[in-house]
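Undergrad: After the structure tokens below, expect a handful of questions from me.
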Amino acid sequence: MTRVHNFSAGPAALPLSVLEEIKNELPEYGDSGMSVMEMSHRSPAYQAIIEDAEATLRRVMGIPSNYRVLFLQGGATLQFAGIPMNLMRRGRCGHVVTGNFAKKAWQEAARYGDARVLASSEDTHFDRIPALDAVERACVDDDLDYVYICQNNTIFGTQFHTLPNCGDTPLVADVSSCFLSLPIDVERYGLIYAGAQKNAGAAGVTVVIVRDDLIGQSPANPYCPTYMDYRIQADKGSMYNTPNTFGIYVCGKIFRWIEETGGLVAMEQRNRAKANLLYNLLDNSKLFCGTAQKDSRSIANVTFRTPSKELDAEFIAGAAQRGIANIKGHRVAGGMRASIYNAVTLESVRALAAWMDEFESLHCMGQRSL
Ligand SMILES: *Cc1c(COP(=O)(O)O)cnc(C)c1O
Numbered sequence: 001m002t003r004v005h006n007f008s009a010g011p012a013a014l015p016l017s018v019l020e021e022i023k024n025e026l027p028e029y030g031d032s033g034m035s036v037m038e039m040s041h042r043s044p045a046y047q048a049i050i051e052d053a054e055a056t057l058r059r060v061m062g063i064p065s066n067y068r069v070l071f072l073q074g075g076a077t078l079q080f081a082g083i084p085m086n087l088m089r090r091g092r093c094g095h096v097v098t099g100n101f102a103k104k105a106w107q108e109a110a111r112y113g114d115a116r117v118l119a120s121s122e123d124t125h126f127d128r129i130p131a132l133d134a135v136e137r138a139c140v141d142d143d144l145d146y147v148y149i150c151q152n153n154t155i156f157g158t159q160f161h162t163l164p165n166c167g168d169t170p171l172v173a174d175v176s177s178c179f180l181s182l183p184i185d186v187e188r189y190g191l192i193y194a195g196a197q198k199n200a201g202a203a204g205v206t207v208v209i210v211r212d213d214l215i216g217q218s219p220a221n222p223y224c225p226t227y228m229d230y231r232i233q234a235d236k237g238s239m240y241n242t243p244n245t246f247g248i249y250v251c252g253k254i255f256r257w258i259e260e261t262g263g264l265v266a267m268e269q270r271n272r273a274k275a276n277l278l279y280n281l282l283d284n285s286k287l288f289c290g291t292a293q294k295d296s297r298s299i300a301n302v303t304f305r306t307p308s309k310e311l312d313a314e315f316i317a318g319a320a321q322r323g324i325a326n327i328k329g330h331r332v333a334g335g336m337r338a339s340i341y342n343a344v345t346l347e348s349v350r351a352l353a354a355w356m357d358e359f360e361s362l363h364c365m366g367q368r369s370l
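Residue numbering for the sequence shown follows the UniProt record's numbering, beginning at 1 and increasing consecutively.
So this is what it looks like as structure tokens:
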């Protein structure tokens with residue numbers, strides 16, 4: 001077996017110990033006589049799996065009891081519609097547009113009501129988190145149902161390091177690529193959600209954590225599909241229909257791995273150490289430069305480039321030869337991107353840093369001899 005240093009933005013690296021555990025349990029889960037894949041979602045064995053996954057997540061994140069935890073399908077993308085359909089009761093929300101996914105979420109919300117852009121960093125190609133004073137003013141003046149942010153911008157490598165102060169206006173956050181990578185205060189939010197494939201498991205599960213009073217008795221939009229009705233999903237324990245049984249089982253394993261390896265405080269320390277290694281290198285490099293403004297840098301996705309597309313391509317090809325995979329930037333951003341989620345080891349990041357050093361010295365020597 002040769003496992004590469006995997007810097008994929010998602011679906012992304014998972015801890016080998018968890019993969020081995022899943023492999024061992026694949027033909028028979030416990031003494032159930034069958035695989036998790038073959039189990040009825042209504043069986044006691046499966047009920048225990050989903051309840052344990054939720055309980056572990058609640059412990060790991062410190063989720064207060066007045067928040068509901070849902071395990072849904074359809075990716076983060078389906079929530080772009082699910083959120084306005086459930087929460088836009090007075091027909092108006094505010095969005096902060098800080099990247100591709102943030103923009104898509106705003107465009108989707110605009111199909112359901114008055115979705116206002118309160119701040120954007122599109123003018124500088126999403127290289128920063130914009131000033132948030134207009135957001136805070138709108139929370140006072142505009143009678144918004146909620147304010148929406150994308151807390152970590154996976155494609156552009158930026159992250160909110162402070163949240164807007166929204167007063168009583170609920171804050172909704174797409175945390176897909178920073179979920180479980182650092183402690184967060186759930187009570188600051190009305191709703192947070194994350195696709196599992198970045199930091200919490202395999203693709204096909206989206207975790208939604210929502211304050212109970214916001215979901216009311218029925219969704220804001222009468223045409224909201226029953227499946228997307230947060231009240232129904234909460235009351236049915238995410239089992240209005242067949243959930244992604246295997247995917248939720250994998251999430252439960254990851255939640256437990258996080259708990260057993262030190263919890264979110266330890267995750268943050270490790271993630272910051274990995275990010276600092278790369279950002280220090282970028283700040284001292286004559287060849288590579290980081291693409292996000294310093295005060296907006298992400299600890300989950302590190303974006304950078306060389307002075308030319310040709311050199312970028314050469315760097316990426318050389319990385320592949322050294323077992324460093326998936327560092328090509330997203331097609332809308334170009335350059336390189338190293339996604340350094342929880343399961344990416346410091347050793348993998350050191351391997352990438354060593355290749356960056358080597359590439360820089362090769363290139364700079366070449367220049368000198370010209
Ligand atoms: C990956 C990602 C998405 C899209 O997730 P899907 O599961 O493909 O719908 C949305 N938002 C953020 C921040 C992401 O990183």
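Glycine is no exception: its CB is placed at the ideal position from the N, C-alpha and C atoms.
These figures come from a predicted structure and were not determined experimentally.
With a 10 Å radius around its C-beta and 16 neighbouring C-beta atoms as the bar for buried, classify Thr206 as buried or exposed.
TA: buried
Undergrad: Using only the alpha-carbon positions, how far apart do Thr261 and Gly201 sit?
TA: Approximately 16 angstroms between the Cα atoms of the pair.
Undergrad: Which term fits Lys236, buried or exposed, when burial requires 16 or more other beta carbons within 10 angstroms of its beta carbon?
TA: exposed
Undergrad: Pull the bridge partners of Ala203 from the DSSP assignment, please.
TA: In the DSSP assignment, Ala203 forms no beta bridge with any residue.
Undergrad: Helix, strand or coil for Phe359 per DSSP?
TA: helix
Undergrad: Within a Cβ cutoff of 7 angstroms, which residues of the same chain sit near Ala234, ignoring the five residues on either side of it in sequence?
TA: Arg68, Leu70 and Ile215
Undergrad: By Cβ distance, which residues of its chain are closer than 8 angstroms to Lys186, with the 5 residues on each side in sequence left out?
TA: Per the sequence shown, the amino acid found at residue 186 is Val instead of Lys. Within the same chain, Val186 has close Cβ partners Met61, Gly62, Ile63, Pro64, Tyr67, Ile192 and Ile209.
Undergrad: Quick test of your reading: Cys93 and Leu144, contact by CB under 8 angstroms. State the CB separation rounded to the nearest angstrom.
TA: The C-beta distance from Cys93 to Leu144 rounds to 6 angstroms, short enough to fall under 8 angstroms.
Undergrad: Work out the CA separation of Cys150 and Asp114 for me, nearest whole Å.
TA: 19 angstroms
Undergrad: Taking the C-alpha atoms as reference points, what is the distance between Tyr189 and Ala138?
TA: 17 angstroms
Undergrad: Could you give the distance in angstroms between the alpha-carbon of Met88 and the alpha-carbon of Ser121?
TA: 24 angstroms
Undergrad: Go to Val18, then tell me how far its alpha helix (DSSP H) extends in each direction, as first and last residue.
TA: Leu16 to Glu25
Undergrad: Going by CA-CA distance only, name the one from Phe160, Val140, Thr154 and Phe179 that's closest to Pro170.
TA: Val140
Undergrad: Could you check where the alpha helix (DSSP H) with Thr303 kicks off and where it finishes?
TA: Here Thr303 belongs to no alpha helix (DSSP H); instead the beta strand (DSSP E) covers Asn301 to Arg305.
Undergrad: With distances taken from CA atoms, which of Asn241, Arg297 and Leu352 is nearest residue 431?
TA: The question about residue 431 has no answer, for the chain in this structure spans 1 to 370.
Undergrad: How long is the line joining the alpha carbons of Gln269 and Ser181, rounded to whole angstroms?
TA: 9 angstroms
Undergrad: Which residues in the same chain as Arg247 place their Cβ atom closer than 7 angstroms to its Cβ, once the five residues preceding and following it in sequence are excluded?
TA: Sequence inspection shows Gly at residue 247; the Arg mentioned does not correspond to that position. If you ignore the 5 residues before and after Gly247, its C-beta comes within less than 7 angstroms of the C-beta of Ala196, Gly201, Ala202, Gly204 and Val205, all in its own chain and listed in chain order.
Undergrad: So, helix, strand or coil for Ser339, using DSSP?
TA: strand
Undergrad: Going by the C-beta, is Thr154 closer than 7 angstroms to any heavy atom of ligand 1?
TA: Within the cutoff, so yes.
Undergrad: Could you check if Lys198 belongs to the surroundings of ligand 1, using beta carbon to heavy atom distance under 7 angstroms?
TA: yes
Undergrad: Is the number of C-beta pairs between the region 15-33 and the region 215-228 that are closer than 8 angstroms three or more?
TA: no
Undergrad: Rounded to whole angstroms, what's the CA-CA distance from Cys251 to Pro307? Just pull it up for me.
TA: 40 angstroms
Undergrad: When every heavy atom of ligand 1 is checked, does at least one fall within less than 7 angstroms of the C-beta of Ala325?
TA: no
Undergrad: What are the boundary residues of the alpha helix (DSSP H) that Gly195 is part of?
TA: Residue range Leu191 to Gly195 is occupied by the beta strand (DSSP E) that includes Gly195, with no alpha helix (DSSP H) assigned at that position.
Undergrad: Give me the Cα-Cα distance between Val172 and Trp257, rounded to the nearest whole angstrom.
TA: Cα-Cα distance, rounded: 27 angstroms.
Undergrad: I want to check one thing, is the minimum distance from the CB of Thr158 to the heavy atoms of ligand 1 below 7 angstroms?
TA: no
Undergrad: List, from N- to C-terminal side, the beta strand (DSSP E) runs of 3 residues or more that fit wholly inside the region 194-275.
TA: 206-211
Undergrad: Opposite Lys328 in the DSSP bridges: which residues?
TA: Met336
Undergrad: Here's a check: name, in chain order, each residue in its chain whose Cβ is nearer than 8 angstroms to the Cβ of Arg3, leaving out the five neighbours to either side.
TA: If you ignore the 5 residues before and after Arg3, its C-beta comes within less than 8 angstroms of the C-beta of Leu16, all in its own chain and listed in chain order.
Undergrad: Could you please give the first and the last residue of the uninterrupted beta strand (DSSP E) stretch that includes residue 381?
TA: An answer regarding residue 381 cannot be provided, because it is not within the stretch 1 to 370 covered by the chain.
Undergrad: When DSSP labels each residue in this structure, what does Gln151 get in the three-state scheme?
TA: coil
Undergrad: I'd like to know whether the C-beta atoms of Phe304 and Phe359 end up nearer to each other than 8 angstroms.
TA: no
Undergrad: Measuring alpha carbon to alpha carbon, tell me which residue in Ala333, Arg350 and Ala353 is nearest His125.
TA: Looking at Ala333, Arg350 and Ala353, the one whose alpha-carbon comes closest to that of His125 is Ala333.
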